[in-house]
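Residue numbers (our numbering): 1 to 412.
Notes for the one structure printed next.
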């Protein structure tokens, strides 16, 4: 066994080189033929075109769909039901392609997210440039449409529910306003309030008149009392001489009462008893005052009776007014509640509509164009690889043959 030294390694390399140089035809000719064969084979393979469509997300963070990551959308594109439908629509399951779903996902379709959650690259490789373009665009548009329909279905239900709530609240508001207007028209509240105000004004006038009459009646009663005491204090008849002596005006009074002249009066006996004129005049004033007092009391009674009747009417009107205003407040409260509910429903619907963005604003699709050049087949790389592999194998064979020849020479 040879010892592995630097000189031995150099000697071995020299032997390998000598073996290859002696049998270069064995190494080169098959390698060149293999390289040419691989080059020709790869060149004759059908050309493949790649079309790429791009799906980008826009304004997702501002919408109700911000829970939609692009990775989930990319995973949605890979679902078999959508791809199988596209495979049938593009006739890729028929000759000359006869692709199965697994072949389509493995060899034809490639979905990547090279920039994280921002974009989705949909690449399709097919022998036809136009078909590759069409399939890439169909996968992008159909996938996006189907995905958005699935994620927007709950949102559409909520939006529909809010619209129904808005319609119901507006209907309740219209009904409450109609009921309120009908009640205001039938209840005649302004006229009822006017009647109550007029009754209150009449009551105030009666109170003032009664106060005045009460004062007058009290004064008249006091006057009657004083006249009554005066009548009681004056005698009905007195002697003429005494009366004339006490009051020089008696003569004139007697002339007025008795209708006699002073001369005729002088013909009377001075001791004769005559009617007391003071008592007579005082009693006459008493009767007049009593009549006036009775009239004032009658007026007070009439005022009191009118007050009772007015109070009864006022109580009835006030009760009707209170009931009507209470019902009016209840209807107004119901109207205000319906109005508030309608405003809340409209605001909720408005906010929901503001947060809703249509699919073109959520996802933008950059459609694929028709590729002008096929994908590089790599025939040069394949040819070089074939040459290297073939030359290496043949070189080993040449070395083995050289070693065998050497052993035979030594044995001979």
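Beta carbons: idealized from backbone N, C-alpha and C, even for Gly.
Just grab the DSSP bridge partners of residue i for me.
{"i": "residue 126", "result": "49"}
{"i": "residue 109", "result": "124"}
{"i": "residue 54", "result": "121 and 366"}
Report all residues from its chain with a CB closer than 7 Å to the CB of residue i; omit the five preceding and five following residues, and keep chain order.
{"i": "residue 165", "result": "345"}
{"i": "residue 297", "result": "217"}
{"i": "residue 17", "result": "none"}
{"i": "residue 199", "result": "310, 313, 314 and 317"}
{"i": "residue 190", "result": "none"}
{"i": "residue 171", "result": "none"}
{"i": "residue 228", "result": "286"}
Of all the options the options, which has the alpha carbon lying nearest to the alpha carbon of residue i?
{"i": "residue 299", "options": "332, 134, 139 and 215", "result": "215"}
{"i": "residue 366", "options": "89, 98, 26 and 134", "result": "134"}
{"i": "residue 293", "options": "325, 230 and 222", "result": "222"}
{"i": "residue 232", "options": "201, 279 and 21", "result": "279"}
{"i": "residue 92", "options": "112, 308, 331 and 127", "result": "127"}
{"i": "residue 85", "options": "176, 330 and 143", "result": "143"}
{"i": "residue 209", "options": "328, 21, 303 and 380", "result": "303"}
In or out: residue i buried (at least 16 other Cβ within 10 Å) or exposed?
{"i": "residue 217", "result": "buried"}
{"i": "residue 371", "result": "buried"}
{"i": "residue 271", "result": "Caution applies to residue 271, whose pLDDT of 48 falls short of 50 and renders its modelled position unreliable; the value that the coordinates give is listed next. Exposed: under 16 other Cβ atoms inside 10 Å."}
{"i": "residue 178", "result": "exposed"}
{"i": "residue 83", "result": "buried"}
{"i": "residue 282", "result": "buried"}
{"i": "residue 224", "result": "buried"}
{"i": "residue 333", "result": "exposed"}
{"i": "residue 220", "result": "buried"}
{"i": "residue 40", "result": "exposed"}
{"i": "residue 385", "result": "exposed"}
{"i": "residue 111", "result": "buried"}
{"i": "residue 301", "result": "exposed"}
{"i": "residue 335", "result": "buried"}
{"i": "residue 406", "result": "exposed"}
Do residue i and residue j have their CB atoms nearer than 7 Å?
{"i": "residue 124", "j": "residue 108", "result": "yes"}
{"i": "residue 137", "j": "residue 368", "result": "yes"}
{"i": "residue 140", "j": "residue 51", "result": "no"}
{"i": "residue 383", "j": "residue 29", "result": "no"}
{"i": "residue 23", "j": "residue 398", "result": "yes"}
{"i": "residue 147", "j": "residue 374", "result": "no"}
{"i": "residue 426", "j": "residue 331", "result": "This structure cannot settle anything about residue 426, because the visible part of the chain is limited to 1 through 412."}
Just to confirm my understanding: we take residue i, look at its own chain, exclude 5 residues before and 5 after, and list those with CB closer than 6 Å. What are they?
{"i": "residue 387", "result": "31 and 35"}
{"i": "residue 169", "result": "341, 342 and 345"}
{"i": "residue 119", "result": "54 and 56"}
{"i": "residue 173", "result": "338, 339 and 342"}
{"i": "residue 106", "result": "none"}
Grab me the residues of residue i's own chain with a C-beta within less than 8 Å of its C-beta, minus the 5 sequence neighbours each way, in chain order.
{"i": "residue 156", "result": "none"}
{"i": "residue 196", "result": "314, 317, 318 and 321"}
{"i": "residue 162", "result": "345, 348, 349 and 352"}
{"i": "residue 104", "result": "83, 87 and 92"}
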